[in-house]
Each structure stands twice: as structure tokens, then as C-alpha cells.
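Novice: Everything in the sequence shown is counted per the UniProt record's numbering, starting at 1 for the first residue and increasing by one.
Please read through the structure below; I'll follow up with questions.
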Amino acid sequence: MTVACTALTRTALVMGATGTTGSRTAAQLIAAGHRVKAASRRATLLPGTEPVRFDWYDPATFGAALSGADSVYLVPPIGDPDPAAVMLPFLRQARACGVERAVLLSSSAIPEGGPAVGAVHRAVPGLFDEWAVLRPSWFMQNFTGTHAHADSIRDHGVIRTAAGGGQVGFVDADDIAAVAVRALTDDRAPDSDLILTGPEALSHDDIAAIVTQVTGRPVTHDRLTHDDMRDRLAAMIPLEFATMLAEMDRAIAGGAEDRTTDTVLRVTGRPPNGFRVVAERELAPTQAQTVPETGPTR
Ligand SMILES: NC(=O)c1ccc[n+]([C@@H]2O[C@H](COP(=O)([O-])OP(=O)(O)OC[C@H]3O[C@@H](n4cnc5c(N)ncnc54)[C@H](OP(=O)(O)O)[C@@H]3O)[C@@H](O)[C@H]2O)c1
């Protein structure tokens with residue numbers, strides 16, 4: 001079979017380019033002068049990038065996405081309990097097309113060989129000479145963006161978890177993207193997995209208090225049981241995924257995410273952003289919202 005995907009220039013293919021980390025990675029690559037193919041199901045036009053339609057569940061979209069790419073930022077298919085089933089055939093095609101470097105987005109909670117993306121993590125070093133697996137802690141943008149926590153804050157002034165008082169090294173997606181850019185473009189790839197955190201471990205009570213201070217609107221943390229959390233989630237997403245997310249909260253309650261690493265500083269040369277900085281950047285009321293309208297002067 002001939003594969004039409006000859007690499008002519010140095011170009012990064014960014015998956016999930018409309019999402020939280022992919023959009024930031026694409027923007028930071030463009031700002032640093034790199035060429036970017038921005039992949040998503042909608043082939044959305046992002047400034048400076050070449051949009052390309054890509055669907056993990058439609059192998060017919062793989063060739064055009066890979067054409068001309070020599071590195072790839074991989075965001076797994078969201079909520080798929082077995083992402084390896086679609087990702088490994090894509091990665092083998094990418095290798096055959098001459099893609100030299102793969103940077104996979106995984107999670108601090110999932111080790112090599114673990115569930116879901118853990119199987120892809122295990123395969124990546126055998127497929128690519130140059131690679132990295134990013135294992136970020138929970139994203140700060142869960143409380144500021146389009147995540148269910150952010151919606152619940154906006155709509156009800158509450159964060160509901162089964163994480164209890166457990167602390168998490170929440171990380172800014174801008175910092176994840178900054179590490180992704182270095183992993184994709186440095187002369188030497190990391191060839192390792194990288195656990196990414198912010199500068200401090202915070203509980204969800206701490207997050208609620210900071211959001212309250214920054215927005216001026218009261219936000220509380222509602223501590224659910226594991227089963228209540230699972231059942232709430234299962235009303236919105238498949239039970240298997242809901243159970244996995246509730247288990248992750250239980251692990252947080254047990255202290256599994258109570259850690260910080262120096263990876264962002266070591267890789268990018270600057271310290272990671274704290275949650276207050278991110279909340280002020282993304283949640284603080286704008287002047288238009290705070291200055292009362294004076295109305296017509298006549
Ligand atoms: N949130 C957290 O706290 C956290 C922490 C650690 C790790 N993670 C991991 O981060 C990943 C999510 O990354 P993210 O937050 O950057 O993404 P995201 O904001 O959830 O966006 C998902 C992206 O994937 C694209 N997409 C969805 N379905 C697709 C499909 N079938 N084929 C191709 N593209 C598809 C979407 O674009 P279109 O809709 O335009 O196709 C979008 O760009 C998950 O694997 C999660 O486990 C999250």
C-alpha cells in the first residue's frame with residue numbers, strides 16, 4: 001500500500017487543536033515560528049495554522065492529517081476506555097509516514113501500562129525514537145473553562161467532588177502547552193514521561209476559596225461520597241467512565257495527587273503559574289462587568 005504522506009518541511013500535527021491543551025500548544029508553536037497542522041473533527045481555522053479534519057474513529061482522515069508532519073501532539077479520543085484500539089493503528093501509520101517524534105498527553109493518575117491511555121504510553125517508546133509522555137495533574141482550567149466544574153461554579157456556585165480534603169498539584173494548561181512545545185521542538189526529545197504540576201498542592205476547598213475571592217461570588221466545595229459522585233456522573237456519561245472518574249476522586253482523597261514536581265521549571269526555564277494567577281487571568285470580572293452603567297446623560 002502506498003502512503004501519501006511525505007514530510008517536506010518541519011511541521012507539527014496537533015491533535016485536539018480546538019481543546020484545552022491542543023489550542024494552547026498550537027498557539028505557542030505558531031508564536032515560536034513553527035508550522036502547525038491543527039487537527040480536530042471540525043477542522044477549525046486557528047490563526048496561523050493549517051486546519052485539517054481528523055477523527056480518531058475515521059481512519060480515512062489519517063493520511064491527510066499526517067501528510068507533511070514530522071512530529072505529533074497526541075490528545076487521545078475523549079472518554080474512550082480503550083484508546084489504544086484506535087491510536088495504535090494511527091501511530092503505526094504515522095511512523096510509516098516518517099513522523100519522527102510523538103508527544104502523548106496522558107495523566108499523572110495513569111502510569112505506563114495502566115488503564116486507558118496507559119497502554120498507548122507503553123507502546124510509544126517502541127514506535128518512535130523520539131518521544132515524550134506528558135502526565136499532567138488536574139487542570140486549573142477545569143474551574144475556568146468549559147469543564148463540568150466550571151459550569152457548576154457559574155450556574156450553582158458549587159464544586160462537587162468525592163475528593164474530600166485531598167490535595168492536588170493543579171496545573172495551568174498554558175504550562176502544559178509550554179512543556180509540549182519544548183518536547184516537540186527541542187533538538188533532543190525528552191524520551192521519558194514527565195509529571196507536570198503547578199507550584200503547590202491545593203484542596204478543592206482551597207480552590208473554592210480562591211474563586212470566591214477572585215470573582216466576588218461565593219463558591220463552596222460540596223464533599224460527596226464516592227457512590228453519589230459516580231451516580232451523578234453516570235447521569236451524564238457512560239457508567240464505566242463515571243466509575244473511573246469517581247475512583248480518581250477517591251484516590252485524591254487518599255493523597256495520591258498530593259505532590260508537586262519541578263518539571264515545568266526544568267523544561268521551560270520558568271516556574272509554573274499558581275491557581276490565583278490563572279483565576280485572575282481567566283475569571284476576574286472585566287471592567288465592563290464591574291463599572292456600573294451610567295446610562296444616557298440627557
Ligand atoms: N482535565 C483534567 O484535569 C485532565 C488532567 C490530566 C489529563 N487529562 C487528559 O486530557 C485529555 C483531554 O485533553 P484536553 O483537555 O486538551 O482536550 P479537550 O479540551 O477535552 O478537547 C478535546 C479535543 O479533542 C477533539 N476531539 C474530540 N473527539 C475527537 C475525535 N473523535 N477525533 C479527533 N478529535 C477529537 C476535540 O475537537 P473537536 O470537538 O473539534 O473534534 C477537542 O479539540 C484527556 O485525555 C484527559 O484524560 C485531563
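We treat Cβ as the ideally placed atom computed from N, Cα and C, and that holds for glycine.
So, under 8 Å CB-CB, residue 20 and residue 139 are touching, yes? Tell me the CB distance rounded to an integer number of Å.
Specialist: Residue 139 and residue 20 do touch by the CB rule: their CB atoms are close to 6 Å apart, below 8 Å.
Novice: With DSSP as the reference, identify every bridge partner of residue 221, one or two as the case may be.
Specialist: 159
Novice: What residue ranges within the segment 28-68 form continuous alpha helix (DSSP H) runs of no fewer than 4 residues, ordered along the chain?
Specialist: Listed in chain order, they are 62-66.
Novice: Using alpha carbons as the reference points, say which of 12, 68, 75 and 70 lies closest to residue 41.
Specialist: 75
Novice: In whole angstroms, give me the CA-to-CA distance for residue 281 and residue 34.
Specialist: 26 Å
Novice: What is the rounded straight-line gap between the Cα of residue 112 and the Cα of residue 133?
Specialist: Computed Cα separation, rounded: 9 Å.
Novice: Taking the alpha-carbon positions, what's the residue 278 to residue 207 distance?
Specialist: 11 Å
Novice: Tell me the DSSP secondary structure of residue 134 in three-state form.
Specialist: strand
Novice: Any heavy atom of ligand 1 within a distance shorter than 7 Å of the CB on residue 17?
Specialist: yes
Novice: Based on Cα-Cα distance, which residue from 78, 53, 57 and 79 lies nearest to residue 67?
Specialist: 53
Novice: With which residues is residue 203 paired in a DSSP beta bridge?
Specialist: 167
Novice: List the residues that DSSP assigns as beta-bridge partners of residue 139.
Specialist: Among the bridge pairs identified by DSSP, residue 139 is matched with 171.
Novice: Over the uninterrupted alpha helix (DSSP H) stretch that includes residue 233, give me the two end residues.
Specialist: First-last of the alpha helix (DSSP H) with residue 233: 226-234.
Novice: Give the single residue among 219, 98, 16 and 151 whose Cα lies nearest to the Cα of residue 128.
Specialist: 98
Novice: Short of 6 Å in beta carbon distance, which residues of its chain neighbour residue 10, apart from the five on each side in sequence? Order them along the chain.
Specialist: Residues of the same chain with a CB within less than 6 Å of the CB of residue 10, apart from the 5 flanking positions on each side, are 70 in chain order.
Novice: Using 8 Å as the cut-off, can you tell me whether the segment 173-184 makes contact with the segment 136-151, which would need three or more C-beta pairs spanning the two stretches below that distance?
Specialist: yes
Novice: Only counting the same chain, and skipping five residues up and downstream in sequence, which positions put a Cβ closer than 8 Å to that of residue 263?
Specialist: 179, 194, 195, 196 and 197
Novice: Could you check whether residue 253 and residue 109 sit closer than 8 Å to each other, using their CB atoms as the reference points?
Specialist: no
Novice: Using alpha carbons as the reference points, say which of 239, 64, 229 and 141 lies closest to residue 90.
Specialist: 64
Novice: With distances taken between CB atoms, is the gap from residue 72 to residue 50 smaller than 8 Å?
Specialist: no
Novice: Let me make sure I understand the geometry here. Which of 233, 185 and 276 has the alpha-carbon closest to that of residue 267?
Specialist: 185
Novice: Any idea what DSSP makes of residue 210, helix, strand or coil?
Specialist: helix
Novice: In the structure shown, what three-state DSSP assignment does residue 310 receive?
Specialist: The displayed coordinates of the chain run from 1 to 298. Any statement about residue 310 would go beyond what the structure contains.
Novice: Using beta-carbon positions only, say whether residue 199 and residue 271 come within less than 8 Å of one another.
Specialist: yes
Novice: Relative to ligand 1, is the shortest distance from any of its heavy atoms to the C-beta of residue 76 smaller than 7 Å?
Specialist: Yes; taking the cut-off as 7 Å, the Cβ of residue 76 has a heavy atom of ligand 1 nearer than that.
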